[in-house]
Amino acid sequence: MLSWQVVLLRVTMAFVLSGIVGMEREFGNRPAGLRTHILVCLGSTLVMLVSFHLFEQYKFETSMDPARLGAQVISGIGFLGAGTILKEGASIRGLTTAAGLWAVACIGLAVGAGFYIGAIMVTAAMVITLTMVTEIEKRLIKRKNNYALTIRAQDKPGQLGLIGSALGNKGISIKNVQMIEVDEGTIEINLLLKLPDRVKGEDVLQLISGVEGVKQIVDAR
Numbered sequence: 121m122l123s124w125q126v127v128l129l130r131v132t133m134a135f136v137l138s139g140i141v142g143m144e145r146e147f148g149n150r151p152a153g154l155r156t157h158i159l160v161c162l163g164s165t166l167v168m169l170v171s172f173h174l175f176e177q178y179k180f181e182t183s184m185d186p187a188r189l190g191a192q193v194i195s196g197i198g199f200l201g202a203g204t205i206l207k208e209g210a211s212i213r214g215l216t217t218a219a220g221l222w223a224v225a226c227i228g229l230a231v232g233a234g235f236y237i238g239a240i241m242v243t244a245a246m247v248i249t250l251t252m253v254t255e256i257e258k259r260l261i262k263r264k265n266n267y268a269l270t271i272r273a274q275d276k277p278g279q280l281g282l283i284g285s286a287l288g289n290k291g292i293s294i295k296n297v298q299m300i301e302v303d304e305g306t307i308e309i310n311l312l313l314k315l316p317d318r319v320k321g322e323d324v325l326q327l328i329s330g331v332e333g334v335k336q337i338v339d340a341r
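Under this note's numbering, the very last position in the sequence shown is 341; numbers go up by exactly one each time.
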């Protein structure tokens, strides 16, 4: 039987470890932040503690598997993770947050099972992945001739087609596009472009400025 000191230690550790990951998500204004990550981890920890408690009570009466309840957490967390995934235009957001929730649930199970070193190491690896690796990704994207562009244009049928046609004539491919209605008659278009080696950012700005219906170039980088 687990003592209350052990239970307190595991619950506290789950709270701290999930809080570290949750803070990073909270600062990034993600759909699931500090509270969500803590609750997921605490719930997973409790499930594992209950599994061990039941196993100790009935181990001589039944062939109970203490990992069975934990397995249900892994499958059940998918419903919560799915709620953080949003489709905006042609892009999908929230996949990293959904994966983070799943990983935090696994951390909770590890803490509940007493596998402290594994939980701590995975938490550290998650924080590194969510912070440092993100910066590395951004630098790699810049080196691949990618160009981000935000423009405002008339909200009319075929407007995006005009822009796409102008870009395509120069061999510029659109990797991602998002459209947001700013006000009546105006939309904001976020484009992630891949430029050929011969095309520079200044060329893109000049090209887009000449497209019919384009009102303003808000940002380019």
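C-beta atoms are modelled at their ideal positions from N, C-alpha and C, and glycine is treated no differently.
Less than 8 Å separating the beta-carbons of L221 and G201?
Yes, the Cβ-Cβ distance between L221 and G201 is below 8 Å.
Around the Cβ of T243, are there at least 16 other Cβ atoms within 10 angstroms (buried) or fewer (exposed)?
Of the residues assessed, T243 falls on the buried side of the cut-off, its CB having 16 or more other CB atoms within 10 angstroms.
Which residues mark the beginning and the end of the beta strand (DSSP E) in which I271 is found?
Per DSSP, I271 belongs to the beta strand (DSSP E) from N266 to Q274.
For E332, tell me which candidate among E304, L282, I307 and M241 has the shortest Cα-Cα distance.
Here the closest residue by C-alpha is L282.
Roughly how many whole angstroms lie between the Cα atoms of V131 and T216?
Their Cα atoms are separated by approximately 25 Å.
Out of V127, A219, V126 and S138, point me to the one whose CA is closest to A239's CA.
Ranking V127, A219, V126 and S138 by Cα distance to A239 puts S138 first.
Which runs of the beta strand (DSSP E), 3 residues or longer, sit entirely within the segment 164-236?
Positions of the beta strand (DSSP E) runs, each at least 3 residues long and wholly inside the segment 164-236, are given as 206-208 and 211-213 in order along the chain.
Which word fits A210, buried or exposed, when buried means at least 16 other C-beta atoms lie within 10 angstroms of its C-beta?
Low local confidence applies: a pLDDT of 45 at A210 is under 50, so the model's placement there is unreliable, with the coordinate-based value given in what follows. A210 sits exposed, since fewer than 16 C-beta atoms from the chains shown fall within 10 Å of its C-beta.
DSSP state of S138 mapped onto helix, strand, coil
The answer is helix: DSSP assigns S138 an H, G or I state.
Span separating the alpha-carbon of E208 from that of I294:
Residue placement at E208 cannot be trusted, given a pLDDT of 49 that sits under 50; the coordinates are not used to answer.
Assumed close pair I197, V160 - CB separation to whole angstroms, cut-off 8 Å
7 Å between Cβ atoms; contact.
Measuring alpha carbon to alpha carbon, tell me which residue in R341, G288, Y178 and Q336 is nearest Y267.
When each option's Cα is compared against that of Y267, the closest is R341.
Could you tell me the alpha carbon to alpha carbon distance between A218 and G321, rounded to whole angstroms?
The alpha-carbon atoms of A218 and G321 are separated by roughly 34 Å.
To the nearest whole angstrom, what separates the beta carbons of G153 and G142, a pair I think is in contact under 8 Å?
Distance from G153 to G142 at the Cβ level is roughly 6 Å; contact confirmed, criterion being Cβ atoms closer than 8 Å.
Are V167 and G203 touching if we call contact CB-CB under 8 Å?
Contact flag unset, no.
Cβ neighbours of E308 in the same chain (closer than 6 Å, five flanking residues each side left out):
The residues are R272, I300 and V302.
Just to confirm my understanding: we take L280, look at its own chain, exclude 5 residues before and 5 after, and list those with CB closer than 8 Å. What are they?
Short of 8 Å from the beta carbon of L280, and not among the five residues preceding or following it, lie these beta carbons of its own chain, in chain order: V297, M299 and I309.
Among A245, G234 and L315, the one whose alpha carbon lies nearest that of L169
It is G234 whose Cα lies nearest to the Cα of L169.
Could you name the residues of the same chain whose beta carbon sits closer than 6 Å to that of G305, not counting the 5 residues immediately before and after it, in chain order?
Apart from the 5 residues on each side of it in sequence, G305 sits with its Cβ closer than 6 Å to the Cβ of D275 in its chain, given in chain order.
Host beta strand (DSSP E) of V297 (start-end)
Run containing V297: S293 to D303, per the beta strand (DSSP E) assignment.
Where DSSP assigns a beta bridge to V334, which residues make up the other side?
By DSSP's assignment, V334 forms a beta bridge with A273.
Between V334 and L269, how many whole angstroms is the CB-CB distance? I'm expecting something under 8 Å.
Contact doesn't hold; Cβ gap of about 11 Å is too wide.
Under 8 Å, do E176 and V247 count as touching if we go by C-beta distance?
Cβ distance not < 8 Å, so E176 and V247 don't count as in contact.
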